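Numbering (full-length UniProt numbering), first residue to last: 1 to 274.
Positions of the beta carbon are idealized from the N, C-alpha and C atoms, including for glycine.
These numbers come from a predicted model, not from an experiment.
Now the structure itself:
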């Protein structure tokens, strides 16, 4: 399989792109309004976990935090990286589109649903690790290094092990950084083709309520202490975008469902979704 070459933006293009993100009307303008919602920490307590939540209202240019300090702290992204990883795979030519079947390798897996060759749109739904590891080996570590810098993703560090860096590190990102990434993807503003961004949006679509569509991906960093559960995404109303991300400390698989339960509860209490 041949891979598409990466076109490198000039320093001037990078600078102008970064500037546009904080000066363009309604898109992450400089010094936006912020609000800490300490009252919503009770949602985490009710579920017996500690964590944070952050959201950004694009039209109002308002950030909302539940534990801002933690929301700005970096952790290994685990499977939430599949959003960016899908984009990189498409742009690098590691997979032709969301329908191309990718082999999982034929080995026994901890989750039976992963023991099947599947397309990108199927693999992201069940968070198929071996399929994405196959794509990672096709992409290669240097191409990842280039794309992580280009996308300004977290600490931009893929390390040296091409099929594990988002599962065990050294790649790390914060909830705030994930929200910034999500806003740009939602509005087709990432330095990638509109085609690839549209495909990624389509495969992370979860559901629609009237004019509002929910896009999101879970993640679970299980290799370290503490173990971190993620839920990252956005709601698009057509006229506005509410990007969000949360993470929690997880001690057992039983905590997995709490990511969505906490996230949906907070989104509903903020009047954003639900």
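Taking C-beta atoms as the reference points, residue 221 and residue 78 count as a pair closer than 8 angstroms. DSSP places residue 109 in the coil class of the three-state scheme, outside both helix and strand. Per the Cβ contact rule, the region 169 to 188 is in contact with the region 199 to 219 (3 or more Cβ pairs under 8 angstroms). With contacts defined as CB atoms closer than 8 angstroms, residue 224 and residue 49 fail to qualify as a contacting pair. In this structure, 229 is the residue among 229, 164 and 239 with its C-alpha nearest to the C-alpha of residue 251. Less than 8 angstroms divides the Cβ of residue 270 from the Cβ of residue 64.
Note: residue 36 is bridge-paired with 65 in the DSSP secondary-structure output. Cβ-Cβ distances below 6 angstroms link residue 184 to 190 in the same chain, with the five nearest sequence neighbours on each side left out; the list follows chain order. Scanning its chain for C-beta atoms nearer than 8 angstroms, with the 5 sequence neighbours on each side dropped, one finds around residue 100 the residues 119 and 120, in chain order.
DSSP lists 218 and 246 as the beta-bridge partner residues of residue 231. In the displayed model, residue 208 falls within a strand according to three-state DSSP.
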